[in-house]
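So the structure is just underneath, and the comments pick up after that.
Number of protein chains: 2
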Amino acid sequence: MHEHDRYGTPGGDLASRAVPEAAVGRLAVYLRVLTSMIEQGVTKMSSEELAGAAGVNSATLRKDLSHLGSSGTRGVGYDTARLVEHIERLLGLTRHHSVAVVGIGNLGHALANYGGFPDRGFPVTALFDVDEDLIGISVGGLPVDHIDSIPAVCVEREVTIGVICTPSVAAQSACDLLVAGGVRCILNFAPVVLQVPDDVEVRRVDLAVELQILSFYEARRSSVDSSGDGALRVVAPVSDAAGIAVGR
Amino acid sequence: MHEHDRYGTPGGDLASRAVPEAAVGRLAVYLRVLTSMIEQGVTKMSSEELAGAAGVNSATLRKDLSHLGSSGTRGVGYDTARLVEHIERLLGLTRHHSVAVVGIGNLGHALANYGGFPDRGFPVTALFDVDEDLIGISVGGLPVDHIDSIPAVCVEREVTIGVICTPSVAAQSACDLLVAGGVRCILNFAPVVLQVPDDVEVRRVDLAVELQILSFYEARRSSVDSSGDGALRVVAPVSDAAGIAVGR
DNA sequence: GCGACTTTGTTCCTACGTTCACATGCGGCT
DNA sequence: AGCCGCATGTGAACGTAGGAACAAAGTCGC
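One line per chain: the protein sequences are C and Y, in this order.
According to the numbering used here, the first sequence is numbered sequentially starting from 40.
According to the numbering used here, the second sequence is numbered sequentially starting from 40.
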């Protein structure tokens with residue numbers, strides 16, 4: 040199926056997944072909290088502290104960290120620098136991932152201008168668009184190429200991650216071109232469900248969906264208010280203060 | 040920490056709303072697929088068709104749709120227009136949600152210029168920033184106000200959704216101002232965990248996390264490739280540096 | 001050097017979300 | 001008008017995530 044069920048692959052007994060996706064997402068959050076703390080000179084943290092800063096339960100945090108082997112010291116806590124190292128290794132951040140952005144509209148512009156992308160390690164090395172007026176001009180210090188050259192350029196610059204910021208109608212073809220260029224990880228901002236080969240991983244960031252989910256909560260809250268019935272049914276398991284979102 | 044666990048159905052009656060968050064997200068996707076289909080003149084769809092287009096299992100789709108009451112006709116399928124109506128009602132899209140964007144940098148610009156925001160129903164009615172050079176200028180047809188005026192303006196324009204596009208350090212204060220202005224739904228693009236009262240719903244969209252998750256998949260795949268043999272379960276029991284942790 | 005305290009790593013358990021499979025119910029066909 | 005087929009809606013099973021509690025392990029104080 041498209042958008043692989045990242046859970047147990049049916050027949051794929053193999054390593055498919057030892058670390059749950061949800062845990063991977065949280066690990067990325069811990070990583071940011073940790074680097075921020077290190078900058079402030081913090082060298083040790085307990086699971087309680089780190090969990091508080093990341094907005095998760097401490098047991099969940101310890102379980103997540105256990106996926107990368109023993110990194111803590113009982114009775115003391117975790118060495119921040121060491122932990123960062125371990126998480127980076129697990130997430131594959133030890134080597135850089137060249138990023139290509141397709142569709143240099145408003146959003147594409149914004150992403151290209153982020154420069155090294157939030158948290159370095161993801162250098163943007165290629166920009167593409169169809170608009171002839173954009174080709175060749177420099178955005179964020181990088182020239183825009185025509186989408187026809189996607190496959191060649193991606194191979195040449197060893198792009199590992201493709202970001203799609205095109206209008207919906209162009210998203211699938213942009214995706215196909217990226218895949219043709221050997222890109223197997225795609226971040227899709229276009230509000231469509233992409234069809235890709237099984238070995239390509241797609242993550243979708245959908246603003247409309249996010250807004251509609253918020254709308255749903257707002258609507259429910261309103262109806263609860265008006266109904267006067269206090270028995271509200273909360274479903275979101277992570278709606279605790281500072282919820283960490285990441286649904287799906 | 041959160042009280043409402045209620046699983047039994049004490050009140051029972053307004054049972055219709057125990058919709059899981061994951062289902063809400065999918066419903067938003069179905070909604071888009073449906074509107075797109077309607078534009079193409081499609082009036083009826085089976086669960087199989089719709090599920091295929093949305094990239095989910097048909098059973099999951101039917102269960103999701105069951106949350107909004109019987110909308111289909113057995114032996115026939117779903118009436119697209121009717122379904123759209125039901126989903127919109129559940130998601131609270133029958134009334135418009137005024138959106139405020141805080142932080143008119145690259146991303147804020149992009150969002151403001153989307154105009155009505157992807158899929159209408161979410162008109163952007165206020166823009167805020169700290170930069171004096173930006174105050175007063177028009178972005179996407181709307182003037183930028185100073186963040187100090189957030190509370191007053193949000194109340195006045197009945198903003199229900201706040202979008203935070205500020206740098207990390209400014210995010211929490213932007214959030215506080217929005218909350219002070221009565222905004223209880225927040226979409227946060229800043230890579231920080233916001234602290235909010237219990238009745239405020241925050242959803243976080245974190246590009247760095249998304250990229251790092253992709254990086255993780257890429258890393259895992261690479262190690263599978265390079266290992267050659269299928270015995271990649273081997274993990275880093277000892278001090279294997281590149282281990283990806285499998286098994287537990 | 002020994003004991004007590006602290007915090008990790010893990011085990012168990014509960015709850016949820018997804019999927020399978022089937023009974024129910026509706027439209028079309030003869 | 002009645003029967004057949006087909007797709008919905010739902011009940012049960014399965015697998016996974018998350019939280020509480022506990023045991024191992026290491027440090028600090030004496």
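Idealized CB from N, CA, C, for every residue including glycine.
Nothing here was measured: the structure is a model prediction, and the numbers come from that model.
Interface flag, residue i vs chain Y, CB-CB below 9 Å
{"i": "serine 97 (chain C)", "result": "no"}
{"i": "leucine 253 (chain C)", "result": "yes"}
{"i": "isoleucine 225 (chain C)", "result": "yes"}
{"i": "leucine 146 (chain C)", "result": "yes"}
{"i": "glycine 94 (chain C)", "result": "yes"}
{"i": "serine 85 (chain C)", "result": "no"}
{"i": "glutamate 195 (chain C)", "result": "no"}
{"i": "methionine 164 (chain C)", "result": "A small correction: the amino acid at residue 164 (chain C) is threonine; methionine does not occupy that position in the sequence shown. For threonine 164 (chain C), the answer is no, since every Cβ of chain Y falls outside 9 Å of its Cβ."}
{"i": "arginine 101 (chain C)", "result": "no"}
{"i": "glutamate 78 (chain C)", "result": "no"}
{"i": "serine 212 (chain C)", "result": "no"}
{"i": "leucine 217 (chain C)", "result": "no"}
Three-way DSSP call (helix, strand, coil) for residue i in this model
{"i": "leucine 153 (chain Y)", "result": "First, the residue type needs correcting, since residue 153 (chain Y) is tyrosine and not leucine in the sequence shown. DSSP places tyrosine 153 (chain Y) in coil when its eight states are reduced to three."}
{"i": "glycine 111 (chain Y)", "result": "strand"}
{"i": "alanine 120 (chain C)", "result": "helix"}
{"i": "leucine 181 (chain Y)", "result": "strand"}
{"i": "valine 241 (chain Y)", "result": "strand"}
{"i": "threonine 164 (chain Y)", "result": "strand"}
{"i": "isoleucine 252 (chain Y)", "result": "helix"}
{"i": "isoleucine 176 (chain Y)", "result": "coil"}
{"i": "leucine 129 (chain C)", "result": "helix"}
{"i": "leucine 226 (chain Y)", "result": "strand"}
Other residues of its chain near residue i: CB distance less than 6 Å, five sequence neighbours each side excluded
{"i": "histidine 125 (chain C)", "result": "Leu107, Ser110"}
{"i": "histidine 136 (chain Y)", "result": "Phe161, Thr199, Ile200"}
{"i": "arginine 45 (chain C)", "result": "In this predicted model, arginine 45 (chain C) has a pLDDT of only 37, less than 50, meaning its place in the structure is not dependable enough to derive any value."}
{"i": "valine 72 (chain Y)", "result": "Ala92, Ala93"}
{"i": "alanine 57 (chain C)", "result": "none"}
{"i": "serine 266 (chain Y)", "result": "Note that serine 266 (chain Y) scores 47 on pLDDT, short of 50, meaning its location in the model is unreliable; the coordinates nonetheless yield the value given after this. No residues qualify anywhere along the chain."}
N-terminal and C-terminal residue of the alpha helix (DSSP H) that residue i is part of
{"i": "glutamate 197 (chain Y)", "result": "Element bounds for glutamate 197 (chain Y): n/a, residue is neither H nor E."}
{"i": "aspartate 214 (chain C)", "result": "Just to set this straight, residue 214 (chain C) is cysteine in the shown sequence, not aspartate. Per DSSP, cysteine 214 (chain C) belongs to the alpha helix (DSSP H) from 207–219."}
{"i": "isoleucine 77 (chain C)", "result": "60–78"}
{"i": "leucine 89 (chain Y)", "result": "86–93"}
{"i": "leucine 104 (chain Y)", "result": "97–105"}
Interface flag, residue i vs chain C, CB-CB below 9 Å
{"i": "glycine 64 (chain Y)", "result": "yes"}
{"i": "histidine 185 (chain Y)", "result": "no"}
{"i": "glycine 108 (chain Y)", "result": "no"}
{"i": "proline 190 (chain Y)", "result": "no"}
{"i": "alanine 209 (chain Y)", "result": "no"}
{"i": "aspartate 238 (chain Y)", "result": "yes"}
{"i": "tyrosine 117 (chain Y)", "result": "no"}
{"i": "threonine 199 (chain Y)", "result": "yes"}
{"i": "histidine 136 (chain Y)", "result": "yes"}
{"i": "aspartate 245 (chain Y)", "result": "yes"}
{"i": "glycine 131 (chain Y)", "result": "yes"}
{"i": "glycine 160 (chain Y)", "result": "yes"}
{"i": "leucine 250 (chain Y)", "result": "yes"}
{"i": "valine 274 (chain Y)", "result": "Any answer about valine 274 (chain Y) is weak, because its pLDDT of 33 lies below 50 and its placement is not dependable; what the coordinates show is given next. Output row for valine 274 (chain Y): interface = yes."}
Cβ neighbour criterion (16 or more within 10 Å) applied to residue i
{"i": "glutamine 251 (chain Y)", "result": "buried"}
{"i": "valine 115 (chain C)", "result": "exposed"}
{"i": "aspartate 172 (chain Y)", "result": "exposed"}
{"i": "threonine 82 (chain C)", "result": "exposed"}
{"i": "threonine 133 (chain Y)", "result": "exposed"}
{"i": "serine 254 (chain Y)", "result": "buried"}
{"i": "aspartate 187 (chain C)", "result": "exposed"}
{"i": "glycine 142 (chain C)", "result": "buried"}
{"i": "valine 194 (chain C)", "result": "exposed"}
{"i": "glycine 131 (chain Y)", "result": "buried"}
{"i": "aspartate 168 (chain Y)", "result": "buried"}
{"i": "glycine 80 (chain C)", "result": "exposed"}
{"i": "alanine 98 (chain C)", "result": "exposed"}
Sequence-distant residues of its chain with Cβ nearer than 7 Å to residue i (five each side left out)
{"i": "histidine 348 (chain C)", "result": "One cannot answer for residue 348 (chain C) here, as it falls past the ends of chain C, which runs 40 to 287."}
{"i": "proline 190 (chain C)", "result": "Leu216, Ala219, Gly220"}
{"i": "serine 207 (chain C)", "result": "Ala229, Pro230, Val231"}
Residue range of the unbroken beta strand (DSSP E) whose run includes residue i
{"i": "serine 137 (chain C)", "result": "137–141"}
{"i": "isoleucine 186 (chain C)", "result": "No beta strand (DSSP E) contains isoleucine 186 (chain C), which DSSP labels as neither H nor E."}
8 Å Cβ shell around residue i - same chain, five flanking residues per side excluded
{"i": "tyrosine 117 (chain Y)", "result": "Lys83, Met84, Ser85, Ser86, Leu89, Leu104, Ser110, Gly111"}
{"i": "leucine 146 (chain C)", "result": "Cys204, Phe228"}
{"i": "aspartate 238 (chain Y)", "result": "Arg223"}
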